[in-house]
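Undergrad:
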């Protein structure tokens, strides 16, 4: 099992195919499926990527379907499937909309994933943003932040070492209810909080084991990281805390096709020098996404990054 090394910049990958928003999905993904998903996860496992990640939406309303698409693989089923075809790479939900589900149900599902994967789960959670999704599932969209706060607290109890966890909150309460299998990771799997609003930063600092940026531009990250440090200090929280960022789209080398104006391209040393700026501002792990026209080109890009860019990230 891989771990995130302290003081070094590690890198993970948001998987293709499993979520197909027009904001980032490549055209070839529309015709792809489980085989391409497995090939990508195996490559990440083999090449030393710290994690592979999946997204979460239960249903997308018609008003958002043109932009978001409706292809969103279930994260629990997807991570459990990929646990069987990988050995070392961490399995991250980035992010699970945890307030949509009772925390005991979420704990049961993700504890099972962690057990199946031999302790490789990282549970990332976020507040969500699709009103109709909450309404369809009977959850108050306006109260989603408060619900998520309590859900995180309940998850920390339910995923802990006790087979009969106890929790008492305003919305959720459980005691004398045994859940097994328990997670492999002790005292529990890491719980990272996603989101860039003031409320999300407070939630991450006070309740989480890490923070997941939701695509903030580089210039915004130092302020967020400073706020996280201050909030953790005010809350009296110390110890390890992972800070994650999503990089610009990447292409290793000089592309012979139009990769768009917001893609970082160039020789490996150029890309590594640019990405080291994330480490210098206090980021522990970067999530990378490669421009590509096929799964084969994606795997080639991943291999080039792992061989030529990654070794220079901590130079």
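Numbering (the numbering used here), first residue to last: 34 to 348.
Even for Gly, the Cβ is constructed at its ideal location relative to N, Cα and C.
(1) Give the straight-line distance between the Cα atoms of residue 110 and residue 126, rounded to the nearest whole angstrom.
(2) Which residues does DSSP pair with residue 318 in a beta bridge?
(3) Are the stretch 147 to 161 and the stretch 57 to 74 in contact at 8 Å, needing three or more beta carbon pairs?
(4) For residue 200, write down the residues that DSSP places opposite it in a beta bridge.
(5) Taking residue 178 as part of the alpha helix (DSSP H), name the residues at either end of that continuous run.
(6) Excluding the five sequence neighbours on either side, which residues of its own chain have a C-beta within less than 8 Å of the C-beta of residue 335, listed in chain order?
(7) Measure how close the beta-carbons of residue 60 and residue 88 come, nearest whole angstrom, since I'm counting them as under 8 Å.
(8) Could you pull out every residue in the same chain whose Cβ sits closer than 8 Å to the Cβ of residue 146, ignoring the five residues on either side in sequence?
(9) Could you spell out the range, first to last residue, of the beta strand (DSSP E) harbouring residue 106?
(10) What distance in whole Å lies between the Cβ atoms of residue 276 and residue 240, which are believed to be in contact at a cut-off of 8 Å?
(11) Once DSSP output is grouped into helix, strand and coil, what is the label at residue 172?
(12) The beta strand (DSSP E) spanning residue 129 covers which residue range?
(13) With contact counted as at least three CB pairs below 8 Å, one residue from each stretch, are the stretch 334 to 348 and the stretch 297 to 316 in contact?
(14) Could you tell me the distance, in whole angstroms, from the CA atom of residue 86 to the CA atom of residue 348?
(15) Could you check which residue in 203, 234, 143 has the C-alpha nearest to that of residue 212?
(16) Where does the unbroken beta strand (DSSP E) through residue 296 begin, and where does it stop?
(17) Where are the alpha helix (DSSP H) runs, 4 residues long or more, that stay fully inside the stretch 225 to 310, in chain order?
(18) Residue 220: buried (16+ other C-beta within 10 angstroms of its C-beta) or exposed?
(19) For residue 217, which three-state DSSP category applies?
(20) By a C-beta neighbour count over all protein chains shown, 10 Å radius and 16 as the cutoff for buried, is residue 346 buried or exposed?
(21) Quick one: using the 10 Å Cβ neighbour count with 16 as the cut-off for buried, is residue 36 buried or exposed?
(22) Which residue's Cα is closest to the Cα of residue 285: 332, 254, 268, 269?
(23) Please report the Cβ distance between residue 21 and residue 140, rounded to the nearest whole angstrom; I am assuming they are in contact, meaning their Cβ atoms lie under 8 Å.
(24) Give every residue of the same chain whose Cβ lies closer than 7 Å to the Cβ of residue 281, excluding the five residues on either side of it in the sequence, and list them in chain order.
(25) Enumerate in chain order the residues of its own chain whose CB-to-CB distance from residue 48 is below 7 Å, with the five nearest sequence positions on each side excluded.
(26) What distance in whole Å lies between the Cβ atoms of residue 188 and residue 197, which are believed to be in contact at a cut-off of 8 Å?
(27) Does the separation of the CB atoms of residue 181 and residue 236 fall below 9 Å?
(28) For residue 244, count the other beta carbons within 10 Å of its own beta carbon; 16 or more makes it buried, fewer makes it exposed. Which is it?
TA: The relevant details are as follows:
(1) Approximately 11 Å, taken between the alpha carbons.
(2) Residue 318 has 43, 277 as its beta-bridge partners, per DSSP.
(3) Contact fails: fewer than three Cβ-Cβ distances are below 8 Å.
(4) DSSP output for residue 200 lists 207 as bridge partner(s).
(5) Membership of residue 178 in the alpha helix (DSSP H) is indicated by the continuous run 177 to 191.
(6) Spatial neighbours of residue 335 in its own chain (CB-CB distance under 8 Å, excluding positions within 5 residues in sequence) are listed in chain order as 46, 73, 76, 77, 80, 82, 323.
(7) That belief does not hold up - the Cβ atoms of residue 60 and residue 88 are roughly 19 Å apart, past 8 Å.
(8) If we look at residue 146 and ignore the five residues flanking it on each side, its Cβ neighbours are 109, 112, 113, 116, 124, 154.
(9) Here residue 106 belongs to no beta strand (DSSP E), and DSSP marks it neither H nor E.
(10) For a cut-off of 8 Å, the C-beta gap from residue 240 to residue 276 is around 15 Å, too long to register as a contact.
(11) Note: residue 172 maps to coil in three-state DSSP.
(12) The continuous beta strand (DSSP E) containing residue 129 extends over residues 123 to 130.
(13) Touching, yes.
(14) Between residue 86 and residue 348, the alpha-carbon positions lie close to 26 Å from each other.
(15) Each of 203, 234, 143 was checked against the Cα of residue 212, and the nearest Cα belongs to 143.
(16) That run of the beta strand (DSSP E) goes 296 to 299.
(17) Runs found: 231 to 240, 254 to 267.
(18) By the 10 Å Cβ count, residue 220 comes out exposed.
(19) Residue 217 sits in coil when the DSSP states are folded into three classes, being neither helix nor strand.
(20) With 16 or more other Cβ atoms within 10 Å, it is buried.
(21) Using a 10 angstroms sphere on the CB of residue 36, the tally of other CB atoms stays under 16, which defines it as exposed.
(22) For residue 285, the nearest C-alpha among the options comes from 332.
(23) Nothing in the structure corresponds to residue 21, since the chain is present only between 34 and 348.
(24) Taken in chain order, the residues that qualify are 295, 296, 297.
(25) If we look at residue 48 and ignore the five residues flanking it on each side, its Cβ neighbours are 70, 73, 74, 85, 86, 87.
(26) Contact flag wrong, Cβ pair sits at about 16 Å.
(27) Taking 9 Å as the cut-off, the beta carbon of residue 181 is found closer than this to the beta carbon of residue 236.
(28) The residue in question, residue 244, is buried, as its Cβ has 16 or more Cβ neighbours within 10 Å.
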